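Report on the following structure.
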Amino acid sequence: MSQFDVWEKEYRNPKLISNSDEPQIDFKHFVSWLRKTQHVSLEGLRVLDLGSGTGKNSLFLADRGSIVTGIELSKTAVKIATERAEQKNLDVKFLEGDISKKIPFPRNSFDLVLDVVSSNSLTEEERKNYLDEVDRVLKPSGFMYVKALCKDGDKNAEKLIKKFPGIEPDTYTMPEANLTERVFSKQDIEKLYSQHFKILQLERKQSYTQFQDKSYKRNFWNIYLQQFD
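If you want it as structure tokens, here you go:
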């Protein structure tokens, strides 16, 4: 099953994602950090939301004056996000697209790029292209926020890798959902992102994910990045 089919199925009949339109607290903490410590104004900030889903992070920023574009593989998710934007009278552009492919914007188009648990399903080759493209479209000294699945100390990740191993290292394929995900060690994150960005903050957090109406404790990385000048 293709990634498009997997995510279409998921957004039509959610098993992993939440239909909430409220951003997660970790994302809100990043936005607060951006404003208070980096003195970044949200008004007029040009934002690219990769894997924007049903739009909750995009709409949160747009409501505070940011100019936001979301790219999402699932056309069902794009439809839901667009409808939510219209209901809130917010001007957000949601596009159908694959974040592993070329991002359809010129160099230095954005001040901020978001990847909130969106690139975990990419292959290693796709991930390289994704990072090259983010590097291209993000302005010098621009920021990026990444939330990624953490391998370190995550017992559920260990069980999934052992029971449902993927083709590539540190991957597993979620049963029934047929979704392949990658988990990252601290060393993986540092090696991967330091090639393109300054790592300003790297924090491991614990929270819960839902699958088949059950709640599982998982570890995540919250990563605050800045483009090189």
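In the numbering used here, the protein residues as written are 78 to 306. We put the CB at the ideal spot given by N, CA and C, even for glycine. It should be emphasised that the depicted structure is a prediction, and the values quoted were computed from it without experimental measurement.
> In the structure shown, what three-state DSSP assignment does valine 190 receive?
Replying inline: Locating residue 190 in the sequence shown gives position 113, where the first residue counts as 1. Looking at valine 190 - three-state DSSP - the assignment turns out to be strand.
>> If the criterion is Cβ atoms closer than 8 Å, does the pair leucine 138 and leucine 119 meet it?
In response: To locate residue 138, count along the sequence shown from 1; it is residue 61. To locate residue 119, count along the sequence shown from 1; it is residue 42. Result yes, Cβ atoms of leucine 138 and leucine 119 sit closer than 8 Å.
> Around the C-beta of glutamate 201, are 16 or more other C-beta atoms found within 10 angstroms, so that it is buried, or is it exposed?
Replying inline: As a working mapping, residue 201 is identified with position 124 in the sequence shown. Burial call: exposed.
> Does the Cβ-Cβ distance between threonine 257 and serine 198 come in under 8 Å?
Replying inline: Counted from its first residue, the sequence shown places residue 257 at position 180. Counted from its first residue, the sequence shown places residue 198 at position 121. Contact flag set, yes.
>> Checking the sheet assignment: what are the DSSP bridge partners for tyrosine 207?
In response: Start at 1 with the first residue of the sequence shown, and residue 207 comes out as number 130. DSSP output for tyrosine 207 lists no bridge partner at all.
> Just curious, the beta strand (DSSP E) that serine 331 is in, first and last residue?
Replying inline: No answer is possible for residue 331: it lies beyond the span of the chain, which begins at 78 and ends at 306.
> Can you tell which of Glu160, Val108, Glu149 and Trp84 has the C-alpha that lies nearest to the C-alpha of methionine 221?
Replying inline: Locating residue 221 in the sequence shown gives position 144, where the first residue counts as 1. Comparing Cα positions, the closest option is Val108.
>> By the DSSP assignment, the beta strand (DSSP E) with glutamate 258 in it spans what residues?
In response: Sequence index remark: in the sequence shown, residue 258 carries index 181 (1-based). Segment 256-259, the beta strand (DSSP E) holding glutamate 258.
> Applying the criterion that 16 or more other CB atoms from any shown protein chain within 10 Å of the CB defines a buried residue, is phenylalanine 261 buried or exposed?
Replying inline: On the sequence shown, residue 261 is found 184 positions in, with the first residue counted as 1. By the neighbour-count rule (16 or more Cβ atoms within 10 Å), phenylalanine 261 is buried.
>> Can you tell me which residues form a DSSP beta bridge with glycine 130?
In response: What you label residue 130 is simply residue 53 of the sequence shown in a count that begins at 1. Bridge partners of glycine 130: none, in fact.
> Residue range of the alpha helix (DSSP H) that lysine 263 falls in?
Replying inline: Against the sequence shown, residue 263 aligns to sequence position 186. Per DSSP, lysine 263 belongs to the alpha helix (DSSP H) from 263-270.
> Do the CB positions of lysine 224 and asparagine 185 come within less than 8 Å of each other?
Replying inline: Residue numbering aside, residue 224 sits at position 147 when the sequence shown is read from its first letter. Residue numbering aside, residue 185 sits at position 108 when the sequence shown is read from its first letter. Their beta carbons are not under 8 Å apart, which means lysine 224 does not touch asparagine 185 by this criterion.
>> I need the straight-line Cα distance from valine 190 to lysine 113, nearest angstrom please.
In response: Within the sequence shown, numbered from 1, the residue matching residue 190 stands at position 113. Within the sequence shown, numbered from 1, the residue matching residue 113 stands at position 36. For valine 190 and lysine 113, the distance between alpha carbons rounds to 18 Å.
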